[in-house]
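Asker: Mapping the sequence shown onto the numbering used here, position 192 (from 1) lands on 247, and the numbers just tick up by one. Heads up, the beta-carbon is just placed ideally off N, CA and C, and yes, glycines get one too. Let me give you the structure first, and then I'll get to my questions.
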Amino acid sequence: MSRQKRQLAIKIDGESIGKGRIPVDLLNKILKGIQTVIYQLGDYHFATEYADHPSFHHKGRFSKKVVEACSLELVSIKDGSFSVCLELSDNVQLDLYGDLGEKSIQSFQQILQQLVDKKQISSIVKDHSVKHKILRTLKEFLPRDHRYSLTFQWDSRPVYIDSKAVKALSKQLHTPTRDERELFGKMVALKIIEDRYFTMLANDKQVKCYYDEEDEQEIIRALGKDVWIHGLVVLNEEGDIQSFRRVRDITVIEPGIFSIDKVHWENRLFLFKEPIDVAVTQTDQLWILEYEPLDILCYDDTFQKTIEQFYEEIAVLWDEFVENEEQNLAPDGLRLRNELIRRVEKVVGDE
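Here's what the structure looks like:
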C-alpha cells in the first residue's frame, strides 16, 4: 500500500499552543495516546484474523507481532501551528502481518469520523470490552475544552476533533452504574463543623465526601494521607464520581498488604470468592503493587494510577485466558486461567 496510508499527520491548535511551540507534557500525552490506540486496534484485528497463529497467545499487554507492526515513529515537525507526522516503522519484516499496522490506522480514522458524526463505533470494533478500552484511551488525550484541538489529515478530508467529539465519546462510555463506588486518592481537607465532609484529590480533581460523625476520629487520622474509600456516590452526566453522599469505609494506604475483594474496571465488576492479598511497596517516587499468583507487577507515581493498572491487568488477564478456549492456551496461559477461575466468583456487567 502507499506510504500515505502508513502515516498520520496531526495538527494541534488552540490556546495552549504557541507558534511552533507546545508544552512537552501535552505533546507526550497526545502521542502516547495515539500509539496506545493503534496498538489496541492492532491487537483487536490480530485477535480477530490471526487468533489461530501461535504468536497470538502471549503474556503481556500487547503481542510482539502487534508491537512490531503498529509502532509509530515521529518523522517530521512543521513550523507555524504545531504539526507532526507519524509513520509506521519501515524496518520491520511483517510477513503475513504486513497490513496490520495500516489496517489499524484505517480503523483509527474511521473511529474518529464516527465520533465527529456522533455515531457508535461498534460497527468498527464489535468486541464490547475492546471498544470500551479504546474509548477510555481516546478520552485521556482528546481535547476536553477549548485549550487545544486536533486535526487529523488523511487521504480524504481532514477530521477535526474538539471537545464536542469527546462529549459524544463520553455518552458511548456511559453505562448504568451502581450507587456504591470506591475511590483512591489523597485526603487534602476536612470540615467538621455543621456538614461533615472531607475533600479527596483524585486524578487531579477534588471530590467532596460526606461522612458520619461516628467515623470522625478515623478520618482525622487519615488527613493528608493516601486513602481508599467506599460508599454511596453521586455521578455526573458522564458517569464519573461527582461526590460521595455517604462514606461507609475508609482505609489508609500504607506499605504492607492491601486486601481486595472486588475489581471494578470500565463496565465490569469482578467479585472474588475471598479477598486477595496484594503486596504494597512505596519508594521515594513510586507505589508498587505485586500479586505473584497472577504474575502482576504494577507501579506508578501515585497509588491511584498503580491500582488502576492493577485493575486493568485483572480485566486483561480474564479476557486473554478465561474468555479464550483452553486448547488455544500455552501451559503458562492455562495456569493463569485456572488461578483466575479459582479466585473470581463472578463477573457482573459483562456484555
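The beta strand (DSSP E) that contains Q337, what's its start and end?
Answerer: Here residue 337 refers to the residue found at position 282 of the sequence shown. Here the beta strand (DSSP E) through Q337 covers 323-337.
Asker: For I132, is the classification buried or exposed, using 16 other Cβ atoms within 10 angstroms of its Cβ as the cut-off for buried?
Answerer: The residue you call residue 132 lines up with position 77 of the sequence shown. The residue is exposed, with fewer than 16 neighbouring Cβ atoms inside 10 Å.
Asker: Can you look up W411 in the DSSP assignment and give me helix, strand or coil?
Answerer: In the structure as shown, the chain starts at 56 and stops at 406, and residue 411 therefore has no counterpart that could be examined.
Asker: Let me check understanding here. Comparing Cα to Cα, which of L349, D172, A385 lies closest to V371?
Answerer: The residue labelled residue 371 in the question sits at position 316 within the sequence shown. With distances taken between Cα atoms, V371 lies closest to L349.
Asker: Does DSSP put F357 in a helix, in a strand, or in coil?
Answerer: Within the sequence shown, the letter at position 302 stands for residue 357. Note on identity: in this sequence residue 357 is Thr, with Phe being the wrong assignment. If DSSP states are grouped into helix, strand and coil, T357 belongs with coil.
Asker: Would you list the one or two residues that DSSP bridges to A64?
Answerer: Working through the sequence shown from its first residue, we reach residue 64 at position 9. Paired residues: C140, Q208.
Asker: Counting beta carbon pairs with one atom in the stretch 325-340 and one in the stretch 388-401, are three or more of them shorter than 8 Å?
Answerer: Yes, they touch.
Asker: Would S110 be called buried (16 or more neighbouring beta carbons within 10 Å of its own) or exposed?
Answerer: Here residue 110 is taken as the residue at index 55 of the sequence shown, counted from 1. Low confidence applies here, because S110 scores a pLDDT of 47, under 50, leaving its location unreliable; read the following figure in that light. It counts as exposed.
Asker: Taking buried to mean at least 16 other C-beta atoms within 10 Å of its own C-beta, is E393 buried or exposed?
Answerer: For the purposes of this step, residue 393 is taken as residue 338 along the sequence shown, with counting starting at 1. The identity of residue 393 in the sequence shown is Asn, whereas the question assumes Glu. Result: exposed.
Asker: Any heavy atom of the ligand COA inside 6 Å of the beta-carbon of V180?
Answerer: With respect to small molecules bound, the structure shown includes none, and the ligand COA cannot be examined in it.
Asker: Is the stretch 271-289 close to the stretch 299-307, with three or more CB pairs under 8 Å?
Answerer: Verdict: yes, contact present.
Asker: Which residue's Cα is closest to the Cα of G240: D172, F117, D281?
Answerer: Numbered from 1 along the sequence shown, position 185 holds the residue referred to as residue 240. Checked all of D172, F117, D281; the closest Cα to G240 is D281.
Asker: Just mark I72 as buried or exposed, buried being the case when its beta carbon has 16 or more other beta carbons within 10 Å.
Answerer: In the sequence shown, the residue the question calls residue 72 occupies position 17. When all chains shown are included, I72 counts as buried.
Asker: Please say whether P310 and T338 have beta carbons closer to each other than 7 Å?
Answerer: Here residue 338 refers to the residue found at position 283 of the sequence shown. Here residue 310 refers to the residue found at position 255 of the sequence shown. Contact: no.
Asker: Which of the three DSSP states is assigned to K317 in this structure?
Answerer: Locating residue 317 in the sequence shown gives position 262, where the first residue counts as 1. The answer is strand: DSSP assigns K317 an E or B state.
Asker: With DSSP run on the structure shown, which of helix, strand or coil describes L238?
Answerer: Taking the sequence shown and counting its residues from 1, one reaches residue 238 at position 183. Strand at L238.
Asker: Using CA atoms only, rank isn't needed, just tell me which of E380, K194, R251 is closest to K222.
Answerer: For the purposes of this step, residue 222 is identified with residue 167 of the sequence shown, where counting begins at 1. Of the listed residues, the one whose Cα sits closest to K222 is K194.
Asker: Going by the beta-carbon positions, is the gap between R61 and L143 smaller than 7 Å?
Answerer: Within the sequence shown, numbered from 1, the residue matching residue 61 stands at position 6. Within the sequence shown, numbered from 1, the residue matching residue 143 stands at position 88. Taking 7 Å as the Cβ cut-off, R61 and L143 qualify as a contacting pair.
Asker: Could you compute how far the alpha carbon of Q359 sits from the alpha carbon of S177?
Answerer: Within the sequence shown, numbered from 1, the residue matching residue 359 stands at position 304. Within the sequence shown, numbered from 1, the residue matching residue 177 stands at position 122. Q359 and S177: Cα-Cα distance of roughly 30 Å.
Asker: Alpha carbon to alpha carbon, what distance is there between V243 and G279?
Answerer: As a position in the sequence shown, residue 279 is number 224, starting the count at 1. As a position in the sequence shown, residue 243 is number 188, starting the count at 1. Roughly 5 Å between the two C-alpha positions.
Asker: Give every residue of the same chain whose Cβ lies closer than 8 Å to the Cβ of F196, excluding the five residues on either side of it in the sequence, and list them in chain order.
Answerer: To locate residue 196, count along the sequence shown from 1; it is residue 141. Within the same chain, F196 has close Cβ partners K84, I85, K87, G88, I89.
Asker: Decide if P330 is buried, meaning its Cβ has at least 16 other Cβ atoms within 10 Å, or exposed.
Answerer: To locate residue 330, count along the sequence shown from 1; it is residue 275. With fewer than 16 Cβ atoms within 10 Å of its Cβ, P330 is classed as exposed.
Asker: Indicate whether at least one CB of chain B lies closer than 7 Å to the CB of G240.
Answerer: No chain B appears in the structure shown, which is made up of a single protein chain.
Asker: Could you tell me if S314 is buried or exposed, where buried requires 16 or more neighbouring beta carbons within 10 angstroms of its beta carbon?
Answerer: Along the sequence shown, one-based indexing puts residue 314 at 259. The residue in question, S314, is exposed, as its Cβ has fewer than 16 Cβ neighbours within 10 Å.
Asker: Quick one: Cα of I67 to Cα of R199, how far?
Answerer: The count along the sequence shown starts at 1 and reaches residue 67 at position 12. The count along the sequence shown starts at 1 and reaches residue 199 at position 144. Roughly 14 Å between the two C-alpha positions.
Asker: Measuring only the C-alpha atoms, how far is L149 from S225?
Answerer: Within the sequence shown, numbered from 1, the residue matching residue 149 stands at position 94. Within the sequence shown, numbered from 1, the residue matching residue 225 stands at position 170. Unreliable placement is indicated for L149, whose pLDDT of 48 sits below 50; the coordinate value is still reported in the next sentence. Each residue's alpha carbon lies about 35 Å from the other.
Asker: D98 and V121 look like a contact to me (Cβ under 8 Å); what is the Cβ gap, rounded to whole Å?
Answerer: In the sequence shown, counting from the first residue as 1, residue 98 sits at position 43. In the sequence shown, counting from the first residue as 1, residue 121 sits at position 66. That belief holds up - the Cβ atoms of D98 and V121 are roughly 5 Å apart, short of 8 Å.
Asker: Taking I396 as part of the beta strand (DSSP E), name the residues at either end of that continuous run.
Answerer: Working through the sequence shown from its first residue, we reach residue 396 at position 341. First-last for I396: 386-398, but that is the alpha helix (DSSP H), not the beta strand (DSSP E).
Asker: Within the same chain, show all residues whose beta-carbon is closer than 8 Å to that of V180, passing over the 5 residues directly before and after it, in chain order.
Answerer: Here residue 180 refers to the residue found at position 125 of the sequence shown. L96, Y99, S162, I166, K186, I189, listed in sequence order.
Asker: Looking at the strands, I want to know which residues DSSP matches up with Q261.
Answerer: To locate residue 261, count along the sequence shown from 1; it is residue 206. In the DSSP output, where bridge partners are listed per residue, Q261 has L256.
Asker: How about L238 and A257: are their beta carbons less than 7 Å apart?
Answerer: Numbered from 1 along the sequence shown, position 183 holds the residue referred to as residue 238. Numbered from 1 along the sequence shown, position 202 holds the residue referred to as residue 257. In this structure, A257 lies closer than 7 Å to L238 by Cβ.
Asker: Starting from S45, follow the alpha helix (DSSP H) in both directions and report where the run begins and ends.
Answerer: No information on residue 45 is available, as it lies outside the stretch 56 to 406 that the chain covers here.
Asker: Consult DSSP for K401 and reduce its assignment to one of helix, strand or coil.
Answerer: Within the sequence shown, numbered from 1, the residue matching residue 401 stands at position 346. Three-state result, K401: strand.
Asker: Could you pull the start and end residues of the alpha helix (DSSP H) that K280 belongs to?
Answerer: What you label residue 280 is simply residue 225 of the sequence shown in a count that begins at 1. Where K280 is concerned, there is no enclosing alpha helix (DSSP H), given that its DSSP letter is neither H nor E.
Asker: Let me know if Q227 comes out buried or exposed under the rule of 16 or more other beta-carbons within 10 Å of its beta-carbon.
Answerer: In the sequence shown, counting from the first residue as 1, residue 227 sits at position 172. So Q227 ends up on the buried side.
Asker: Here's a check: name, in chain order, each residue in its chain whose Cβ is nearer than 6 Å to the Cβ of L63, leaving out the five neighbours to either side.
Answerer: Working through the sequence shown from its first residue, we reach residue 63 at position 8. Once the five neighbours on either side are set aside, the close Cβ partners of L63 are L141.
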